[in-house]
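**Q** Protein chains in written order, with my numbering: chain S, 1 to 291; chain G, 1001 to 1291. Where a beta carbon is used, it is the ideal one built from N, C-alpha and C, also for glycine. Here it is, the structure, as structure tokens.
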């Protein structure tokens, strides 16, 4: 059984990005520059953004944290977005979600210049991805594709069941894995909350990508031997025996499913670490496209 | 067995659009105006464009055929596109494909103002569709959705197998049918040229949408009882006994599959006629959005 080690892979990937950034610096080219917009003080968002900024520093990408009060109006935030679009020193930026309730997320998203949209959430990038043009691929599905590639997981002609139809994971990965090209060409089924008899489906799958958010949903009796498992679920489950008061659980009952699997991502340490690495990769890409 | 009569449904739909257009005229509002750009003299393209223009006339939508020599340069065509984007009298336009080989189709497509892109082929519209925002939905998948709706075909929780991953049919219909909402919520599998054991998949399907282009590919032994069949294939098969020298065949062996089906689209007279009706609907929509 192969553990698809996202932590190790992300480190290797960041090392490669660092080398490219170093070479840019040596060549006198522009240093990639990412900005992260954070509105308010949501704990999880602070953690995510902090970790993105730190990762930039590790590999020599310039980063700017723009921390705004949660009292900011939609209009003021839109003005900020326009500023970032026009800021020539910036290659890309992200707006950390969720935004406060009085701000329309769709409106903000649509205001981002697609060329700086390193999260790949703008419909223009999403459409370009779906139509197989150059784009920014959202970090989580991009990270999954990179893991499949690094571990040389055969996908062509395989039946892949994606569980969850979110805009940022399920939908894009279902598209990417069914497109032509290496680590694509899978026959993909997209399952979701309305899917009936999901266990019949998962038992027929060669590859399962689960992005459901229900801890340990996928049990051993729901998969076939030699399945490849990509577990995107990250749920905090209360656990008083743990110093933090919780443990992180994926969508997959890891121990029992791992025994049947050909390959599996652990949680934590699987898809999660890949996500930040791919954001850095997109930032480098944004910078290179402006050369 | 229900025949999903696209011809009859398209007539009803066009009648409804005509009523809306008539009302606009009575209310002193702008008459919707569609332009069709045709480059060169390809026989099939001439037929398609002609039929689009005629359909406009039937229902009171203004139409302009812009017929250009196939010697036109890419730059000249791009200039034409800019003109159309800026032409305030126009609500929408289409560029009939294929274009001559010396013109980059992607470049032309990207130059179209998404607000006038009534074919829904621009990545911005495609992305908006995939992310469940207002958009123009490409006419063929839009027509399929409309047929399902008019015949009240239950799709929620059903297993739908889409055969073919083209940008204009397979990919978008696979997205639309798996989205939330009425006539969505299906569990969709996208099959294609690399899919193995396709008959196992089709036999498990409650609904099959075939957009493959192989005449009579889908046989009775490949489907289960009470399946719903949407046949998007249109292939000219040589037939000397026919005055035209050919007959039109769908992807489905109609006679034998119809005997097992709950509902089925004929070819011709199924999805085909719906396509033009939905183009008109998109043109009306484009006009209404500019009110």
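(1) Per the DSSP calculation, residue 92 of chain S is bridged to which residue(s)?
(2) If you compare alpha carbons, which of G:1204, G:1118, G:1114 is closest to residue 123 of chain S?
(3) Specify, as a first and last residue, the run of the beta strand (DSSP E) that residue 236 of chain S falls within.
(4) Answer yes or no: does any C-beta atom of chain S fall closer than 8 angstroms to that of residue 1124 of chain G?
(5) Below 8 angstroms, how does it come out for the segment 1219-1231 of chain G and the segment 1201-1208 of chain G: are there three or more Cβ pairs, yes or no?
(6) With H, G and I counted as helix, E and B as strand and the rest as coil, what does DSSP make of residue 158 of chain S?
(7) Under a Cβ-count criterion, where at least 16 other Cβ atoms within 10 Å of its own Cβ denotes burial, should residue 1043 of chain G be classed as buried or exposed?
(8) Does residue 157 of chain S get closer than 8 angstroms to chain G when you measure Cβ to Cβ?
(9) Please classify residue 32 of chain S: is it buried, with 16 or more other beta-carbons within 10 angstroms of its beta-carbon, or exposed?
(10) Do you know offhand how far residue 1283 of chain G's Cα is from residue 1023 of chain G's?
(11) Are the beta-carbon atoms belonging to residue 1196 of chain G and residue 157 of chain S less than 8 angstroms from one another?
(12) What residue does the beta strand (DSSP E) around residue 1247 of chain G start on, and which one ends it?
(13) Exposed or buried, what is residue 2 of chain S when buried is set at 16 or more other beta-carbons lying within 10 Å of its beta-carbon?
(14) Go through its chain and collect everything with a Cβ distance to residue 1164 of chain G's Cβ below 6 angstroms, but skip five positions before and after it.
(15) Would you check if there are 3 or more beta carbon pairs closer than 8 angstroms linking the segment 36-50 of chain S to the segment 93-105 of chain S?
(16) Just mark residue 71 of chain S as buried or exposed, buried being the case when its beta carbon has 16 or more other beta carbons within 10 Å.
(17) Leaving out five residues before and five after residue 1291 of chain G in sequence, what residues of the same chain have Cβ atoms less than 8 angstroms from its Cβ?
(18) Which residues in chain G have a C-beta closer than 8 angstroms to the C-beta of residue 188 of chain S? List them in chain order.
(19) Shorter than 8 angstroms from the beta carbon of residue 263 of chain S to some beta carbon of chain G?
(20) Assuming residue 373 of chain S is part of the beta strand (DSSP E), what are its boundary residues?
(21) To the nearest angstrom, report how far apart residue 1004 of chain G and residue 201 of chain S are at their CA atoms.
(22) Any C-beta of chain G within less than 9 angstroms: which residues of the segment 115-141 of chain S qualify?
(23) Spatial neighbours of residue 1318 of chain G within its chain, please: CB distance less than 7 angstroms, with the 5 preceding and 5 following residues excluded, ordered by chain position.
(24) Measure from the C-beta of residue 1146 of chain G to each C-beta in chain S and report whether the shortest distance is under 8 angstroms.
(25) How about residue 1240 of chain G and residue 1215 of chain G: do their beta carbons lie closer than 8 angstroms?
(26) Does DSSP classify residue 283 of chain S as helix, strand or coil?
(27) Kindly indicate if chain S contains any beta-carbon less than 8 angstroms away from that of residue 1085 of chain G.
(28) Please return the same chain residues whose Cβ sits closer than 6 angstroms to the Cβ of residue 1277 of chain G, not counting the five positions on each side in sequence.
(29) Is residue 73 of chain S helix, strand or coil when you go by DSSP?
(30) Would you say residue 289 of chain S lies against chain G (beta-carbon separation less than 8 angstroms)?
(31) For residue 1113 of chain G, name the three-state secondary structure that DSSP assigns.
(32) For residue 1195 of chain G, which residues in chain S fall below 7 angstroms Cβ to Cβ?
(33) With H, G and I counted as helix, E and B as strand and the rest as coil, what does DSSP make of residue 302 of chain S?
(34) Confirm, please, whether the CB-CB distance from residue 136 of chain S to residue 161 of chain S is below 8 angstroms.
(35) Using a Cβ-Cβ distance under 8 angstroms, would residue 1166 of chain G count as near chain S?
(36) Measuring CB atoms only, is the segment 136-149 of chain S touching the segment 171-191 of chain S, in the sense that at least three cross pairs come out at less than 8 angstroms?
**A** Judging by the given coordinates:
(1) S:34
(2) G:1114
(3) 235-238
(4) yes
(5) yes
(6) coil
(7) exposed
(8) yes
(9) buried
(10) 16 angstroms
(11) yes
(12) 1246-1249
(13) exposed
(14) 1170, 1211, 1212
(15) yes
(16) exposed
(17) 1029, 1030
(18) 1189, 1190
(19) no
(20) This structure leaves residue 373 of chain S out entirely; chain S is present only between 1 and 291.
(21) 29 angstroms
(22) 121, 122, 123, 124, 125, 126, 127, 128, 129, 130, 131, 132, 133, 135
(23) An answer regarding residue 1318 of chain G cannot be provided, because it is not within the stretch 1001 to 1291 covered by chain G.
(24) no
(25) no
(26) helix
(27) no
(28) 1010, 1013, 1014
(29) coil
(30) no
(31) coil
(32) 157, 187
(33) Nothing can be reported for residue 302 of chain S, as the shown portion of chain S is limited to 1 through 291.
(34) no
(35) no
(36) yes
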